[in-house]
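Only one structure is covered here, and it is reproduced in the block below.
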Amino acid sequence: MTHNDNAHDSSTPGADLPKFSVNVVPTDQLRREDLGSMLKLYRGGEITPLIFGDGNKPEAAIIPFAAFVRLMKYDHAAHVRQEAASQAELSRRVRESDASGEPGMTLEELGDELVGPAQAMIRRVLNDDE
672 MTHNDNAHDS
682 STPGADLPKF
692 SVNVVPTDQL
702 RREDLGSMLK
712 LYRGGEITPL
722 IFGDGNKPEA
732 AIIPFAAFVR
742 LMKYDHAAHV
752 RQEAASQAEL
762 SRRVRESDAS
772 GEPGMTLEEL
782 GDELVGPAQA
792 MIRRVLNDDE
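Going by our numbering, the first residue of the sequence shown is number 672, and it counts up by one from there.
In structure tokens form, the structure reads like this:
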């Protein structure tokens with residue numbers, strides 16, 4: 672096993688984790704017996720993941736199924752919160768536009784504002800090429 676002091680990917684959005692250490696098992700050293708041993712530990716309540724990869728770089732983790740379910744629930748809840756915030760912002764803009772009585776922005780202008788100027792420019796360039 673090897674030691675890695677910066678095991679998480681800080682380039683991933685939302686991956687602002689404290690530094691932590693993991694033991695990385697090289698893929699070519701992972702054996703069927705290792706998986707059986709981890710399953711026994713998980714059945715006994717252990718939660719430590721088995722992390723493996725090559726070149727001392729963590730690439731995958733085996734975790735207890737209960738931990739996987741918690742992660743899925745957390746991700747789903749975060750997605751629902753983000754979607755609700757987006758819908759609330761759209762509703763607020765519609766109400767403000769209706770209340771002002773002035774002509775609002777086009778759907779394209781709204782899309783450009785919501786995705787940001789750089790992505791809007793890319794989208795316009797791509798649409799011009801079609």
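Backbone N, C-alpha and C fix where the C-beta goes; we use that ideal spot for every residue, glycine too.
request  = Tell me where the beta strand (DSSP E) around residue 730 begins and ends.
outcome  = Looking up residue 730 in the sequence shown gives position 59. That run of the beta strand (DSSP E) goes 728-733.
task = Can you give me the start and stop residues for the alpha helix (DSSP H) that residue 705 sits inside?
result = Translated into the one-based positions of the sequence shown, residue 705 becomes position 34. If you look at residue 705, you'll find it in the alpha helix (DSSP H) that goes 703-714.
query = Name the DSSP beta bridge partners of residue 718, please?
reply = As a working mapping, residue 718 is identified with position 47 in the sequence shown. Per DSSP, none; premise fails for residue 718.
task = Mind checking which residues open and close the alpha helix (DSSP H) that includes residue 757?
result = By 1-based counting over the sequence shown, the position of residue 757 is 86. Run containing residue 757: 736-771, per the alpha helix (DSSP H) assignment.
key: Assumed close pair residue 721, residue 693 - CB separation to whole angstroms, cut-off 8 Å   = Locating residue 721 in the sequence shown gives position 50, counting from the first residue. Locating residue 693 in the sequence shown gives position 22, counting from the first residue. Between residue 693 and residue 721 the Cβ distance is about 10 Å, and since that is not below 8 Å, they are no contact.
request  = State the Cα-Cα distance for the pair residue 747 and residue 759, rounded to the nearest angstrom.
outcome  = Residue mapping note: residue 747 aligns to position 76 of the sequence shown, counting from 1. Residue mapping note: residue 759 aligns to position 88 of the sequence shown, counting from 1. For residue 747 and residue 759, the distance between alpha carbons rounds to 18 Å.
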